[in-house]
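In the UniProt record's numbering, the protein residues as written are 1 to 329. A virtual CB, placed ideally from N, CA and C, is assigned to each residue, including glycine. All of these numbers come straight from a predicted model, not from anything done at the bench.
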Ligand SMILES: NC(=O)c1ccc[n+]([C@@H]2O[C@H](COP(=O)([O-])OP(=O)(O)OC[C@H]3O[C@@H](n4cnc5c(N)ncnc54)[C@H](OP(=O)(O)O)[C@@H]3O)[C@@H](O)[C@H]2O)c1
C-alpha cells in the first residue's frame, strides 16, 4: 500500500466543533512490529473524541496536529507487521486505537495487536465498532470497580445506571443484567421503553422530580451507581445509597474529585470513585463473543458516511444519542 492515498478526516487545532473537521487525502499508514493495517468498515464515535478536540482533556491528552480522531473501529486486516502473531490478511476484526494517536476517521488505520480481536461473521462491523470505549468502560465499572460477576453468581446487588440510553449506559444495563442484579435506570421519557427492553427492572425519567431525585420506585437503596450522566451532585446520590454504596463516576468534575478525596480521608462507607478506562484486549474479545451469542446488543443511534463525518460529530456533541453513533467509510 506504500505511496497510496486515502480519505481521512482531520482537525488542525483545538476548538471548531464539526466545522473544524476537514476532509483530506493522506498516505495510507504502514504497520510496524506489532501493528496491523486495517481497511475500515465502521468507526464509532464517543464523547471523548470531541472533548479532546475542545481541549477539555488537554492536561491528560495533549494533542499534536493535524489529528485524525476516532478510536473504535472494525474492519479487515490488509497487512501485518513482522511481530504480529495472531492475525493475517483477510481477517475481520474489532480494534481500539489509543486516544493519543487516534486515526479512526479514515479509510485505513494501523492498530496494535494487543487491542485487536477477531470479529465473527455474526457480528456486523457497525455493531462491533460500537464496543471498544463504551462497552469496555461499562464492563470495567461493573466487574472491576463494582465486583459484579457476569455469570449471575453472588449476592443480589442493586444498581442504578444513569443515562442508560447512551453508549456506555445501554451496554451497562445489559451487562449488569447478566449478573445477579436489580437494575434501576434513568433516561429521557422517549427512551423509557427502549431501556426496559435492555433489561432494566425499573426506569426513571430524569426530567421528572422523582427521576431527578434518583428515587427507586420500589424503594431500593443502591449498592452501586454506574454514573454515565453528568451534573448530578453527591447530595442527590447520598440519600439513595445503601450503607456501603459506591458511585462510579465516569465523568468526574472538580466537585467529584473533592468528594472522592473527602470520602477517602474520612473513611466513609459511602464512596464516590472516578472510573478511567484501562482497555484490555481480553475484555474486548469477551464482549464481541457476547454479541455473537446474542447476550449483548449494540444499539445503533445513526449511521453516517465518512464524507458526512461532521454530522456524526455534531450528533455526538448534541448529547442525545440513543446507543452508538457510527461512521462508515
Ligand atoms: N471515564 C471513562 O473512561 C469514560 C469512558 C467512556 C465514556 N465516558 C464518559 O461517560 C459519559 C457518557 O458517555 P456515552 O458515550 O454514554 O454518552 P452519550 O452516548 O453521548 O450519552 C447520550 C445519552 O445520555 C442521555 N442523558 C444525558 N443526560 C442525562 C441525564 N442527566 N439523565 C439521564 N440520561 C441522560 C441522553 O438522553 P436524552 O437524549 O433523553 O437527554 C442520551 O441518550 C460521557 O461524559 C463520556 O465522556 C467516560
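With a threshold of 7 Å (Cβ to nearest heavy atom), would residue i be considered close to ligand 1?
i           : result
residue 319 : yes
residue 48  : yes
residue 254 : no
residue 284 : no
residue 215 : no
residue 143 : no
residue 135 : no
residue 188 : yes
residue 222 : no
residue 60  : no
residue 230 : yes
residue 51  : yes
residue 173 : no
residue 163 : yes
residue 305 : no
residue 277 : yes
residue 316 : yes
residue 250 : yes
residue 322 : yes
residue 168 : yes
residue 98  : no
residue 191 : yes
Beta carbon of residue i, beta carbon of residue j: below 8 Å?
i           : j           : result
residue 37  : residue 68  : no
residue 14  : residue 55  : yes
residue 24  : residue 145 : no
residue 141 : residue 172 : yes
residue 181 : residue 232 : no
residue 324 : residue 167 : yes
residue 297 : residue 42  : no
residue 244 : residue 269 : yes
residue 96  : residue 133 : yes
residue 266 : residue 299 : no
residue 242 : residue 264 : no
residue 131 : residue 284 : yes
residue 256 : residue 277 : no
residue 119 : residue 92  : yes
residue 200 : residue 236 : no
residue 304 : residue 311 : yes
residue 250 : residue 228 : yes
residue 102 : residue 135 : no
residue 224 : residue 159 : yes
residue 317 : residue 17  : yes
residue 100 : residue 61  : yes
residue 202 : residue 217 : yes
Can you tell me whether residue i is buried or exposed? The criterion is at least 16 other CB atoms within 10 Å of its CB, across all chains shown.
i           : result
residue 29  : buried
residue 320 : exposed
residue 19  : exposed
residue 165 : buried
residue 184 : buried
residue 108 : buried
residue 219 : exposed
residue 44  : buried
residue 262 : exposed
residue 74  : buried
residue 86  : exposed
residue 35  : buried
residue 79  : buried
residue 246 : buried
residue 156 : exposed
residue 32  : exposed
residue 137 : buried
residue 179 : buried
residue 89  : exposed
residue 344 : Because residue 344 is not part of the residues shown, which for the chain are 1 to 329, the question remains open.
residue 2   : exposed
residue 22  : exposed
residue 240 : buried
residue 151 : exposed
residue 112 : buried
Considering only DSSP beta bridges, list what residue i is partnered with.
i           : result
residue 37  : 79, 110
residue 2   : DSSP, once it has assigned bridges, lists no residue as partnering residue 2.
residue 100 : Note: residue 100 sits in no beta bridge, so no partner.
residue 331 : Any question about residue 331 goes unanswered here, given that the chain covers just 1 to 329.
residue 22  : 10
With hydrogens ignored, establish whether the beta-carbon of residue i is closer than 7 Å to any heavy atom of ligand 2.
i           : result
residue 208 : Annotation note on ligand 2: not contained in the displayed structure, which lists ligand 1 as its ligands.
*Of all the beta strand (DSSP E) runs that stay within the bounds of the region 277-323, which reach a length of 3 or more residues?*
300-305
*Hey, which unbroken runs of the beta strand (DSSP E) at 3 residues or more fall wholly within the region 205-247?*
222-227
*Counting only runs of 3+ residues fully inside the region 122-184, write out the beta strand (DSSP E) ranges in chain order.*
Segments of the beta strand (DSSP E) lying fully in the region 122-184: 157-162.
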